[in-house]
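**Student:** Following this message is one structure expressed as structure tokens.
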Amino acid sequence: MVVETQVADDGVTTPHGGQEWRQCKNFIEDFSVTTNGMGPPEKALAAAKAAVESIDHYPPANFEPHLSHLAEFLWGEEADLYKNCLQLGNGASELIDLVVRSCAVVGAWRPGPTMAQYEEYKRSSEAAGFYRVAANDNSANLLCMVNPTNPTGDYMKVEELKAYIENNCKAGSVVIVDESMQPWVGPHWREDSLVSQGKWRQAMSIEKGVEVFVMHSWTKIWACTGVRLGSVIAPTAGHMEMIKAKQVPWSVNCVALAFLSAAVKDQEYLETTWRNTALWRKNVVKELNKYFPSWQCIGEPFLSWVWIDTGDELVAAKAVEVAKQHGTPVRWGKPGYKLPTYVRIAVRDEETTEYLIDAWKEAFLGDERRSRAV
Ligand SMILES: Cc1ncc(COP(=O)(O)O)c(C=O)c1O
0 MVVETQVADD GVTTPHGGQE WRQCKNFIED FSVTTNGMGP PEKALAAAKA AVESIDHYPP
60 ANFEPHLSHL AEFLWGEEAD LYKNCLQLGN GASELIDLVV RSCAVVGAWR PGPTMAQYEE
120 YKRSSEAAGF YRVAANDNSA NLLCMVNPTN PTGDYMKVEE LKAYIENNCK AGSVVIVDES
180 MQPWVGPHWR EDSLVSQGKW RQAMSIEKGV EVFVMHSWTK IWACTGVRLG SVIAPTAGHM
240 EMIKAKQVPW SVNCVALAFL SAAVKDQEYL ETTWRNTALW RKNVVKELNK YFPSWQCIGE
300 PFLSWVWIDT GDELVAAKAV EVAKQHGTPV RWGKPGYKLP TYVRIAVRDE ETTEYLIDAW
360 KEAFLGDERR SRAV
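As structure tokens, then:
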């Protein structure tokens with residue numbers, strides 16, 4: 000059943016993709032999100048369905064053994080070294096809010112050095128009493144970065160990222176690096192990530208007084224935004240205790256926990272993701288370059304979305320409206336990001352992508368062929 004209704008408390012909560020699909024009577028695919036175009040891993044979905052049978056019991060308060068399963072996924076044989084710095088949350092959104100509230104001294108916060116970034120850091124910081132300063136203001140108590148950056152597609156490799164933090168953050172400050180999109184980098188994603196930099200994170204804390212937290216939303220790579228699943232790595236076990244002390248108990252439910260334990264075992268799913276995403280992204284960029292040569296397609300080739308600058312607010316607004324009318328909603332850069340000439344579209348397989356491209360061709364190029372979506 001499709002319910003024609005308002006999908007968010009506009010003006011109160013942060014604008015997000017992933018909301019308007021409910022309003023599309025002829026819904027085909029949600030291009031407004033950054034989720035994995037393959038959909039959730041089948042075995043994880045089956046585990047989640049089976050877990051519904053146990054909803055008459057509480058989930059484990061310490062999230063075990065699921066937390067350990069994620070630790071093994073992140074660190075393999077070194078899992079025991081870092082497990083006490085890891086915690087799960089009801090989506091990364093819960094943990095962003097928790098880290099900001101429990102670990103940083105209220106004052107100035109700043110975003111990373113990109114033109115825009117995922118906006119929940121702004122909401123959480125400002126709700127906790129922080130005020131925003133420029134990205135290059137090193138006096139801030141809190142730096143929240145997203146790498147790879149949603150939506151702009153900027154990416155700093157791990158040595159560059161570490162140097163940026165070392166050179167720009169004062170003692171006593173807190174840094175959150177959101178690496179939710181990092182697993183798309185490829186088979187070496189852990190090595191090019193702060194996940195593999197446990198000793199550096201601890202040294203930054205002890206020697207420099209800079210507390211680096213690594214945030215992951217798992218709802219993107221495993222396409223499970225509905226179950227809510229995220230994690231955070233704290234610089235030390237002591238910081239993790241501060242976080243846990245403020246966390247609402249059982250915030251991750253039994254369905255999400257079962258999903259997680261099955262998903263981390265599915266290496267084949269990740270291998271296919273890396274292959275498919277790069278191919279599908281290449282295809283959509285090629286199509287866009289062919290039919291809309293003045294639109295600029297931005298972002299690393301491994302990413303699950305394309306950040307497009309149409310160069311004109313009216314063009315972007317029309318692209319957004321046409322996409323929605325054709326059941327293929329996209330994310331406009333205007334709400335939240337305040338970048339009205341931009342749109343963000345998800346990477347999907349060739350056939351699904353054609354629905355969106357056809358709709359835009361018909362609307363902008365006067366293509367006589369009716370879109371397949373109508
Ligand atoms: C970079 C980034 N971090 C965190 C989140 C929050 O994800 P969730 O609360 O679904 O885990 C998102 C969602 O879009 C995101 O793009």
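Residue numbering for the sequence shown follows numbering that gives the first Met the number 0, beginning at 0 and increasing consecutively. Glycine included, C-beta positions come from ideal geometry on N, C-alpha and C.
What is the rounded straight-line gap between the Cα of Val254 and the Cα of Asn166?
**Tutor:** 42 Å
**Student:** Pull up the distance between the alpha-carbon of Phe26 and that of Asn275, whole angstroms please.
**Tutor:** 23 Å
**Student:** Of all the beta strand (DSSP E) runs that stay within the bounds of the segment 126 to 152, which reach a length of 3 or more residues?
**Tutor:** Residue ranges of uninterrupted beta strand (DSSP E) with 3 or more members, entirely inside the segment 126 to 152 and ordered along the chain, are 141 to 145.
**Student:** Along the alpha helix (DSSP H) that carries Trp294, what are the first and last residues, could you check?
**Tutor:** Where Trp294 is concerned, there is no enclosing alpha helix (DSSP H), given that its DSSP letter is neither H nor E.
**Student:** Quick check on this structure: which residue in Leu364, Asp265 and Trp273 has the alpha carbon closest to the alpha carbon of Ala43?
**Tutor:** Asp265
**Student:** Taking Asp96 as the reference, which of Pro150, Gly128 and Tyr81 has the closest Cα?
**Tutor:** Gly128
**Student:** In the DSSP assignment, what residue or residues form a beta bridge with Gly88?
**Tutor:** Gly229
**Student:** Where does the unbroken alpha helix (DSSP H) through Ala45 begin, and where does it stop?
**Tutor:** It spans Glu41 to Ala50 - the alpha helix (DSSP H) in which Ala45 sits, taken as one unbroken run.
**Student:** Quick one: is Gly152 buried, meaning 16 or more other Cβ sit within 10 Å of its Cβ, or exposed?
**Tutor:** buried
**Student:** For Ala345, report the span of its beta strand (DSSP E) as first-last.
**Tutor:** Tyr341 to Ala345
**Student:** Rounded to whole angstroms, how far is the Cβ of Ile344 from the Cβ of Trp304, which I believe are closer than 8 Å?
**Tutor:** 6 Å
**Student:** Do Trp221 and Asn83 have their beta-carbon atoms positioned less than 8 Å apart in this structure?
**Tutor:** no
**Student:** Keeping to the same chain, check which residues put their C-beta closer than 6 Å to that of Ser53; ignore five residues upstream and five downstream.
**Tutor:** Cys253
**Student:** Quick one: is the Cβ of Asn166 within less than 7 Å of any heavy atom of ligand 1?
**Tutor:** no
**Student:** Counting along the chain, where does the alpha helix (DSSP H) carrying Glu210 start and finish?
**Tutor:** It is not in any alpha helix (DSSP H) - Glu210 instead sits in the beta strand (DSSP E) that spans Glu210 to Ser216.
**Student:** Applying the criterion that 16 or more other CB atoms from any shown protein chain within 10 Å of the CB defines a buried residue, is Ser92 buried or exposed?
**Tutor:** buried
**Student:** Any contact of the segment 330 to 343 with the segment 13 to 31, i.e. 3+ C-beta pairs under 8 Å?
**Tutor:** yes
**Student:** Is Val145 near ligand 1, in the sense that its beta carbon is under 7 Å from a heavy atom of that ligand?
**Tutor:** yes
**Student:** Quick one: Cα of Glu19 to Cα of Thr33, how far?
**Tutor:** 14 Å
**Student:** At what residues does the beta strand (DSSP E) containing Ala107 begin and finish?
**Tutor:** Ala107 to Pro110
**Student:** Could you check which residue in Pro59, Thr272, Ala315 and Leu287 has the C-alpha nearest to that of Pro40?
**Tutor:** The closest CA to that of Pro40, considering only Pro59, Thr272, Ala315 and Leu287, is found on Thr272.
**Student:** Are the beta-carbon atoms of Ala260 and Ala46 separated by less than 8 Å?
**Tutor:** In the sequence on display, residue 260 carries Ser and not Ala. For Ser260 and Ala46, yes; Cβs fall inside 8 Å.
**Student:** For a quick check, are the C-beta atoms of Ala134 and Pro110 less than 8 Å apart?
**Tutor:** Result yes, Cβ atoms of Ala134 and Pro110 sit closer than 8 Å.
**Student:** Could you check if Gly229 is buried or exposed, using at least 16 other CB atoms within 10 Å of its CB as the buried criterion?
**Tutor:** buried
**Student:** Would you mind sorting Ile205 into buried or exposed? The rule is 16 or more other CB atoms within 10 Å of its CB.
**Tutor:** The Cβ neighbour count for Ile205, taken over all protein chains shown within 10 Å, is under 16; the residue is labelled exposed.
**Student:** When you compare each of Ile307, Leu73 and Asp79 to Pro186 by their alpha carbons, which one comes out closest?
**Tutor:** Leu73
**Student:** Using a strict less-than 5 Å threshold between each residue's beta carbon and the heavy atoms of ligand 1, what residues do you get?
**Tutor:** Gly90, Ala91, Ser92, Tyr117, Val145, Asn149, Asp177, Ser179, Ser216, Thr218 and Gly229
**Student:** Taking all protein chains shown into account, decide if Leu141 is buried (16 or more other Cβ within 10 angstroms of its Cβ) or exposed.
**Tutor:** buried
**Student:** Given a cut-off of 8 Å on the beta-carbon distance, is the pair Asp191 and Val231 in contact?
**Tutor:** Not in contact: Asp191 and Val231 (Cβ atoms no closer than 8 Å).
**Student:** Indicate the three-state DSSP secondary structure (helix, strand or coil) for Trp306 in the structure shown.
**Tutor:** strand
**Student:** Could you tell me the boundaries of the beta strand (DSSP E) in which Asp177 lies?
**Tutor:** That run of the beta strand (DSSP E) goes Val173 to Asp177.
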